[in-house]
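Here is the structure we will look at, set down as structure tokens.
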Amino acid sequence: MYTDSHCHLENKRFDEDRADVFARAHDAGVTVMLAIGNGDGPGTGTLDCAIKLAQQHEGVYATVGIHPHEAELAKEADFDELERLSKEARVIAWGEIGLDYFYDHSPREVQQSVFVQQMEMARAAKLPIIIHNRPSDNSENAWDDLFRLLRERWASSGLGGVLHCFTGSVAHARAALDLGFVISFAGNITYPKAQNIRDAAAMAPLDRIFVETDSPYLAPVPHRGKRNEPAFVVESARQIGKLRNLSAEEIGRQTSENFRSFFGLADTTE
Ligand SMILES: [Zn+2]
Ligand SMILES: [Zn+2]
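Numbering-wise, numbering that gives the first Met the number 0 puts 174 at position 175 of the sequence shown, and it's gapless, one number per residue.
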């Protein structure tokens, strides 16, 4: 049994065959998925996209939030809508939120203020946060700002969070763990050049990690270059298993248990 802790199931690239994608996930043992609710961003009427999927599909949970890419589009009405949506039954986290200084689609000061505002809202809603963080090339800039903001604005909530699609160093992973975060490993852990990610996955305590696909992005080896989908989360589990002399199934079971306990979900396996 596997849990895909981060996927964009509403993405248009699934419109043609979404039912088949769910069927293949179930065939692969991926019975729990966290649908990320950023949609196409504020002003597009899609901030409820993950909730809709969670209502339609068993084993699917939802997040709400504004991605740093779209931070500059956020208006007061969007925050009001998020506050309302965050109270829906299937919503278990606020995200993905954070900083992306690689693409800089929104100005950095705006990314920071929208991130801080959403941390305050998540705290009020008592929801953990899902973090997206990407620095400029060969820079620590987004990491420095992220950890500073988490220490100043989030740590005292005690709610913790998930560092999704981890791409940093062992030191970054340690800093996140110290802040009570879980680290989620995506398909890029299978890429030949990603030794830093494998080092972090070998170091992190087994009960503090998740696996994810970030579907439809970042398909793992041997599907690299194709559309990603939740069934492929098995490849991240297999890679972590190799690092720790465990089977993909054992990593799948452990990370599923981690997911349930972190979010306080009932055990649905029999
Ligand atoms: Zn992301
Ligand atoms: Zn994502």
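From the three backbone atoms N, C-alpha and C, an ideal C-beta is built for every residue, glycine too.
In the DSSP assignment, no residue is bridged to L176.
Scanning the segment 124 to 192 from its first residue to its last, the whole alpha helix (DSSP H) runs of 4-plus residues come out as 140 to 152 and 169 to 177. If you draw a 10 Å sphere on the C-beta of N137, you find fewer than 16 other C-beta atoms in it, and that means exposed. Non-local C-beta neighbours of M120 in its own chain, meaning closer than 8 Å and more than five positions away in sequence, comprise F78, L81, E82, S85 and W93, ordered along the chain.
Runs of the alpha helix (DSSP H) lying entirely within the segment 15 to 73, each at least 4 residues long, are 17 to 26 and 48 to 55 in chain order.
Here R197 has I188, Q238 and L242 as same chain residues with Cβ atoms under 8 Å from its own Cβ, once five neighbours each way along the sequence are excluded. Per DSSP, G224 lies in no beta strand (DSSP E) and is assigned neither H nor E.
Summarising the contact set, residues whose Cβ lies nearer than 6 Å to any heavy atom of ligand 2 are, in chain order, H5, H7, I35, E95 and D213.
Distances from the CB of H56 to the heavy atoms of ligand 1 are all 7 Å or more. Under the three-pair Cβ rule at 8 Å, the segment 215 to 231 does not count as touching the segment 167 to 179. By the C-beta criterion, the segment 100 to 114 is judged not to be in contact with the segment 169 to 185, since fewer than 3 inter-stretch pairs fall below 8 Å. Shortest gap from the CB of C164 to any heavy atom of ligand 1: under 7 Å. DSSP places A247 inside the alpha helix (DSSP H), whose first and last residues are A247 to F262. For the pair F180 and T254, the CB atoms are not nearer than the 8 Å cut-off. Between G38 and T45, the C-beta gap is smaller than 8 Å, which places the two residues in contact.
L33 and K125 have their C-alpha atoms spaced approximately 18 Å apart.
Looking from the CA of R12, the closest CA among N257, A247, S235 and E228 belongs to E228. Selection A53, S4, F114 and L178 evaluated against R150 yields L178 as nearest (Cα-Cα).
For D198, the enclosing alpha helix (DSSP H) covers residues Q194 to M202. Shown here, F209 sits in a strand according to DSSP, grouped into three states. Only buried fits P127, as 16 or more other CB atoms lie within 10 angstroms of its CB. Excluding the 5 residues flanking it on each side, A24 has same chain C-beta neighbours closer than 6 Å at P229 and A230, in chain order. S214 is bridged by DSSP to C6. Distances from the CB of H131 to the heavy atoms of ligand 1 include at least one below 7 Å. A direct Cα-to-Cα measurement between A70 and Q110 gives close to 5 Å. A straight line joining the alpha-carbon of A203 with that of F184 spans about 11 Å.
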